[in-house]
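For the record, the sequence lines run as chains A and B.
To convert, count from 1 in the first sequence and add 81; that's my numbering.
To convert, count from 1 in the second sequence and add 717; that's my numbering.
Where is the CB? At the ideal position from N, CA and C, for every residue including glycine.
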Amino acid sequence: MEIKPLITGFEPQEKPAGEEGEKPAVYDVIILGAGPAGLTAAIYTGRARLKTLVIAGSLPGGEPSNTDLVENYPGFPEGIAGMDLAQRFQSQAERFGAEIVLDEATAVDFSQEPFTIHTYSTVYKGRTVIIATGAEPRRLGVPGEDKFFGRGVSACATCDGFFYKDKRVVVVGGGDSAIAEGLFLTKFASEVVVIHRRDQLRATQILQERAFANPKMRFVWDSVVEEILGDEMVTGVRVRNVKTGETSVIETDGVFVYIGMVPKTKLFVGQLKLDEQGYIVADRHQRTNVPGVFAAGDVQDPNYRQIVIAAGTGAVAAMEAERFLSEYWQTHHAEAKPS
Amino acid sequence: MARDRKERKKQPRVIIFTTPTCSFCRAAKTYLRQRGIRFREVDVSRDQAALRDMVRRSGQQGVPVIQIGNKIVVGFDRPKIDRLLGLG
Numbered sequence: 082m083e084i085k086p087l088i089t090g091f092e093p094q095e096k097p098a099g100e101e102g103e104k105p106a107v108y109d110v111i112i113l114g115a116g117p118a119g120l121t122a123a124i125y126t127g128r129a130r131l132k133t134l135v136i137a138g139s140l141p142g143g144e145p146s147n148t149d150l151v152e153n154y155p156g157f158p159e160g161i162a163g164m165d166l167a168q169r170f171q172s173q174a175e176r177f178g179a180e181i182v183l184d185e186a187t188a189v190d191f192s193q194e195p196f197t198i199h200t201y202s203t204v205y206k207g208r209t210v211i212i213a214t215g216a217e218p219r220r221l222g223v224p225g226e227d228k229f230f231g232r233g234v235s236a237c238a239t240c241d242g243f244f245y246k247d248k249r250v251v252v253v254g255g256g257d258s259a260i261a262e263g264l265f266l267t268k269f270a271s272e273v274v275v276i277h278r279r280d281q282l283r284a285t286q287i288l289q290e291r292a293f294a295n296p297k298m299r300f301v302w303d304s305v306v307e308e309i310l311g312d313e314m315v316t317g318v319r320v321r322n323v324k325t326g327e328t329s330v331i332e333t334d335g336v337f338v339y340i341g342m343v344p345k346t347k348l349f350v351g352q353l354k355l356d357e358q359g360y361i362v363a364d365r366h367q368r369t370n371v372p373g374v375f376a377a378g379d380v381q382d383p384n385y386r387q388i389v390i391a392a393g394t395g396a397v398a399a400m401e402a403e404r405f406l407s408e409y410w411q412t413h414h415a416e417a418k419p420s
Numbered sequence: 718m719a720r721d722r723k724e725r726k727k728q729p730r731v732i733i734f735t736t737p738t739c740s741f742c743r744a745a746k747t748y749l750r751q752r753g754i755r756f757r758e759v760d761v762s763r764d765q766a767a768l769r770d771m772v773r774r775s776g777q778q779g780v781p782v783i784q785i786g787n788k789i790v791v792g793f794d795r796p797k798i799d800r801l802l803g804l805g
């Protein structure tokens with residue numbers, strides 16, 4: 082997609098050289114993750130003329146790119162396809178000079194400056210780091226899930242929904258993602274059964290209204306999935322009613338799991354302060370316990386997980402990184418300050 | 718996308734099975750292009766025969782599925798793609 086520039090006369094920075102064998106450059110800012118938080122941070126640091134690297138990780142665009150339609154991000158009154166929105170974030174970050182690599186961090190060292198990020202391909206060094214690795218879908222952790230993952234069990238309706246044309250699927254969960262993706266699946270599937278552990282949905286009201294009005298959707302309340310059944314293919318799920326304790330089998334061809342997210346923070350264990358659930362602990366300025374390392378988006382947000390909030394915290398992290406760098410240059414390395 | 722022809726070695730045949738709304742597919746394609754890998758894309762949402770073929774070959778009911786030579790990679794599994802293509 083081509084984005085028309087809003088401001089004319091702005092030339093993007095030249096991309097930093099990254100030839101093989103060359104001594105790796107030190108970036109002003111290394112951003113881990115290319116979802117709304119990471120890419121918004123990159124827009125801000127790029128505009129601040131900071132040498133910015135975004136290590137995109139496994140899902141450039143982040144969670145929105147797995148979302149069919151985004152209706153609650155301001156500026157798009159008709160809604161926008163998640164993938165398009167993600168692409169727009171990326172184009173905007175690139176326009177202001179951010180270098181985005183399709184690589185994934187495998188280890189980090191925040192014990193000395195500049196900070197070191199190891200990836201599949203190489204090693205990067207940064208004076209500041211903004212962590213925006215996000216969160217990934219929580220797995221059910223029941224028998225059959227691993228066996229059938231990708232073969233009847235999925236956490237991505239936009240990826241795999243097509244395979245269930247005229248078939249029956251179940252959606253596990255009752256939040257926004259479960260219901261929105263369940264509604265998306267009604268485009269393909271003959272029936273979408275929502276299995277939820279409570280007796281009411283947590284999804285936002287407008288999604289509930291649509292779900293209850295959709296003739297293809299059916300609801301199984303107060304129930305949890307205990308096992309995914311099948312031989313070669315998924316044939317059903319065994320569910321247990323949490324109130325009565327009764328178990329029953331629901332026949333189905335596919336299982337879509339939307340039971341929340343877990344933060345992607347494995348790399349930071351022992352280096353950054355994490356909370357009990359594994360989220361990075363960040364203050365109101367998006368600072369972690371390591372000066373110069375910031376966190377933004379879902380990786381530090383157990384509560385809201387909204388694109389607009391991720392973008393907002395990304396902007397805060399970027400502005401704080403900029404401030405950190407200007408103080409750093411002033412107090413430590415005045416002679417080395419770049420022109 | 719600039720392609721560095723000098724860097725190109727003989728590569729195994731690469732086919733990527735995709736659907737239009739699959740973000741991991743897009744990421745995988747971008748990655749292959751960045752690394753100068755030639756590949757053929759099959760949009761299984763438009764091609765029922767290819768869809769059945771993919772499911773049969775991979776046992777998968779999801780995309781992306783990437784066939785490299787006669788090996789199957791499920792998802793955008795970068796380490797495995799790198800290994801099969803001999804990318805550093």
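Contact residues of the region 229 to 258 of chain A toward chain B are Gly231, Arg232, Gly233, Ser235, Thr239, Cys240, Asp241, Phe243 and Phe244 (C-beta to C-beta distance below 7 Å). In the three-state DSSP reduction, threonine 197/A falls in the strand class (E or B). Assignment of glutamine 778/B by DSSP, reduced to helix, strand and coil, places it in the coil class.
Contact between proline 218/A and glycine 207/A fails: their C-beta atoms lie close to 29 Å from each other, not under 8 Å.
For the region 786 to 801 of chain B, residues whose beta-carbon sits nearer than 8 Å to a beta-carbon of chain A comprise Val791, Gly792, Phe793, Arg795, Pro796 and Asp799. Look at the region 282 to 357 of chain A and you find these whole runs of alpha helix (DSSP H), each 4 residues long or longer: 286 to 294. Put simply, the region 222 to 231 of chain A does not touch the region 157 to 174 of chain A. Fewer than three CB pairs are less than 8 Å apart.
Interface criterion not met: the Cβ of methionine 342/A is under 9 Å from no Cβ in chain B. Under DSSP, phenylalanine 405/A forms no beta bridge with any residue. Interface residue (Cβ-Cβ distance to chain A less than 9 Å): glutamine 778/B is classified as such. In this structure alanine 767/B does not touch valine 780/B by the C-beta definition: roughly 11 Å separates them, more than the 8 Å allowed.
Taking C-alpha positions only, phenylalanine 243/A is separated from aspartate 190/A by approximately 42 Å.
For histidine 413/A, the number of other beta carbons within 10 angstroms of its own is below 16, and it is reported as exposed. Under the three-pair Cβ rule at 8 Å, the region 795 to 802 of chain B does not count as touching the region 245 to 253 of chain A.
DSSP places arginine 743/B outside any beta strand (DSSP E); the residue lies instead in the alpha helix (DSSP H), whose first and last residues are 740 to 751.
When DSSP states are grouped into helix, strand and coil, glutamine 784/B belongs to the strand group. Counting along the chain, the unbroken alpha helix (DSSP H) around glycine 127/A starts and ends at 117 to 128.
For alanine 744/B, a Cβ of chain A is located within less than 9 Å of the residue's own Cβ.
If you ignore the 5 residues before and after proline 141/A, its C-beta comes within less than 6 Å of the C-beta of Ala115, all in its own chain and listed in chain order. Taking 8 Å as the upper bound for CB-CB distance, valine 305/A and valine 315/A are not in contact here, some 17 Å apart.
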